[in-house]
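No gaps in the numbering here: position 47 of the sequence shown is 58 in the working numbering, and each next residue is one more. Ideal Cβ positions, reconstructed from N, Cα and C, are used throughout, including at glycine.
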Amino acid sequence: MGKVEKRPIAETLRAMELGAVETFSLEQLNSINQAKGSTLAIDRANGKNWSVQRDIPNGVVKVTRTA
């Protein structure tokens, strides 16, 4: 897989529709996890949620909006 450019995390996750999948650079994994735990806490309290899958061989993280 080609290199994925870094993008804003919280904005992108908030804009996702249910079932949508976004791909981020593996370098952003820690920031994605931190955003889910803090920046997006209110969104999660209001029912939104995301699953995060690492694809280490391809150097990407796939985030799926699950709720």
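Query, Result
"Cβ neighbours of Arg76 in the same chain (closer than 6 Å, five flanking residues each side left out)", "Met27, Leu29, Ala31 and Trp61"
"Run of the beta strand (DSSP E) containing Thr34, from where it starts to where it stops", "Val32 to Ser36"
"Which of helix, strand or coil DSSP assigns to Arg115", "This structure gives no information on residue 115, because the portion of the chain shown stretches from 12 to 78."
"Delimiting residues of the beta strand (DSSP E) encompassing Ser49", "Segment: none, Ser49 is in no beta strand (DSSP E) and carries neither H nor E."
"Cut-off 6 Å between Cβ atoms - residues of its own chain near Thr34, not counting five sequence neighbours on either side", "Val15, Val71 and Lys73"
"Gln64 - partner residues in DSSP beta bridges", "Lys73"
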